[in-house]
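A.B. asks: Heads up, full-length UniProt numbering is the position in the sequence shown plus 18, with the first residue counted as 1.
Got a structure for you, written out below as structure tokens; questions coming shortly.
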Amino acid sequence: GPVLSSDMKYKDCSPLQTFVSAKRKINDIFVEISDFVQETAKYVEAIDRDEKIIHKPEVELVSGYVSKVRAIQDILSRNHMKVVFFGRTSNGKSSVINAMLRDKVLPSGIGHTTNCFLQVEGSDNGESYLVTEASPEKQNVKSVSNLAHALCEEKLNENELVRVFWPRDKCLLLRDDVVLVDSPGIDVTPNLDDWIDKHCLDADVFVLVVNAESTLMVTEKNFFHKVSTKLSKPNIFILNNRWDASASEPEFLEQVRAQHTERAVDFLTKELKVCSAKEAKERIFFVSAKEVLQARLQEQKGQQLHSGALAEGFPTRYLEFQGFEEKFEECISKSAIQTKFHQHSKRGKLVADDVKNVMETVHERAQQQKTELMNKKKEVNDKLNHTEQQVQLITIEMKKKIHHMVEDVEEKVSKALYE
Ligand code: GTP
Ligand code: MG
């Protein structure tokens, strides 16, 4: 059979890192944009009084961008990759999430366990706690049973969101800004529209957890029909979980697999029309979440991945789960970069361009003002020179006149004296 290797060491070059570094880059760029806009705003506000150089709407535009850029920065710094898990009760949604997180983070079990939306995200300070919509206070969570208990204590609405914060350094997915949302079974609620509006519109990826022992059900299909009316081409993965059950009926394994695959491909391509048949085949997996979680917990205890009691065919199923994780990471990273950064990077460029244009206009006008002033100065200078000359001329005239007058007077006086 296939050889299993630990997948921990490959994770550093995971596609999730592309999102993480894109996020870092776009945040850095927005710091620069923000500095530029703030500096410009300060400048234009300072020259605000000079109507000839800057106009009111220009000042308002630049000043307005300060808060707009800050709002975008706020969104950008909080952006993450979001995956939501759906499926009927007991198909193993919570188990899949735990397997991916390599830890028993969420309560799972027989019967209807998950009774509200549970969003698992990374906490920075190594703490584990939960926050409900009703009370934003941190409630400590020490263990799964603790979490399950806390969730039972709360009178929770199935539509409600409980955020579970789990130490980032415990799970690579959380470290890399993936947020995982667990949901109650889609067969136990009639409020699917509310669910979609409240929890799904910003999802990058949906994972439908199907029970491989039965098949894709109408309730599951209907849910995604609703989703695809609100989101164009949602990214959907289909996990046929509990595939370990097939070990007990090996003679039907290939047949069942082919049947499930055909149904799932038809659903994605012909009914939802979200992808091509080739793409659909890369979105459908046959796994056992329970086994994967068990194996990973063993491995962390320092034991072999496949020690413990495992059904026939475990290595193949384990590899398939890894295959799912790989495709999932590629998909979520790409989708999140596209949906979360594309618009903002366009917007950032627009802001920078607008501000630059204002500054160029201001510069041009200032330049014009300068030339005009210089011309005026020259005119004034010329006038002054002329006047000065006039004055000089007049002065000379006057001097002459006075001289004559004096002479005249002297003459008249001496005449009068000697006559
Ligand atoms: P709800 O929260 O009630 O909607 O259920 P869920 O979809 O979250 O299912 P959960 O993960 O709680 O799993 C239900 C039961 O199925 C648990 O007892 C799991 O241990 C078991 N289970 C989950 N995955 C597998 C699997 O791959 N194989 C087998 N044999 N059992 C599984
Ligand atoms: Mg559950």
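Idealized CB from N, CA, C, for every residue including glycine.
#1: Note down, in chain order, each residue of its chain lying with its Cβ closer than 7 Å to the Cβ of residue 237, except the 5 sequence neighbours on either side.
#2: Does residue 246 come out as helix, strand or coil in the three-state DSSP assignment?
#3: Check whether the Cβ atoms of residue 311 and residue 317 lie closer than 8 Å to each other.
#4: Does ligand 1 have even one heavy atom less than 7 Å from the beta-carbon of residue 370?
#5: Which one of 377, 44, 182 has the shortest CA to CA distance from residue 60?
#6: Between residue 57 and residue 77, what straight-line distance do the alpha-carbon atoms span, to the nearest angstrom?
#7: Need the endpoints of the alpha helix (DSSP H) that residue 211 sits in, please.
#8: Quick one: is the Cβ of residue 126 within less than 7 Å of any heavy atom of ligand 2?
#9: Tell me which residue opens and which closes the alpha helix (DSSP H) that residue 3 is part of.
#10: How would you call residue 314, buried or exposed, if buried means at least 16 neighbouring beta carbons within 10 angstroms?
#11: When you compare each of 149, 66, 304 to residue 272 by their alpha carbons, which one comes out closest?
#12: Which same chain residues end up closer than 8 Å to residue 365 when comparing Cβ atoms and leaving out the 5 residues on each side of it in sequence?
#13: Output needed for residue 52: all residues of its chain with C-beta closer than 6 Å, excluding positions within five of it in sequence on either side, in chain order.
#14: For residue 233, name the three-state secondary structure that DSSP assigns.
#15: When the Cα of residue 278 is compared with those of 154, 401, 301, 199, which residue comes out closest?
#16: With residue 502 as the anchor, note down where its beta strand (DSSP E) starts and where it stops.
#17: For ligand 1, is there a heavy atom less than 7 Å away from the beta-carbon of residue 227?
#18: CB residue 290 to CB residue 250, shorter than 8 Å?
#19: For the beta strand (DSSP E) containing residue 256, list its first residue and its last residue.
#20: Answer yes or no: the CB of residue 309 versus the heavy atoms of ligand 1, is any distance below 7 Å?
#21: In three-state DSSP terms, what is residue 148?
#22: When you compare only the Cα positions, how much space is there between residue 72 and residue 381?
#23: Given this structure, state the Cα-to-Cα distance separating residue 195 from residue 112, to the nearest angstrom.
#24: Is residue 321 helix, strand or coil by DSSP?
C.D. replies: This is what the structure gives:
#1: 106, 204, 205
#2: helix
#3: no
#4: no
#5: 377
#6: 12 Å
#7: 210 to 213
#8: yes
#9: Nothing can be reported for residue 3: it is not among the residues displayed for the chain, which extend from 19 to 437.
#10: buried
#11: 304
#12: 90
#13: 87
#14: coil
#15: 301
#16: Because the chain spans 19 through 437 in this model, residue 502 falls outside it and cannot be assessed.
#17: yes
#18: no
#19: 254 to 259
#20: yes
#21: strand
#22: 9 Å
#23: 19 Å
#24: coil
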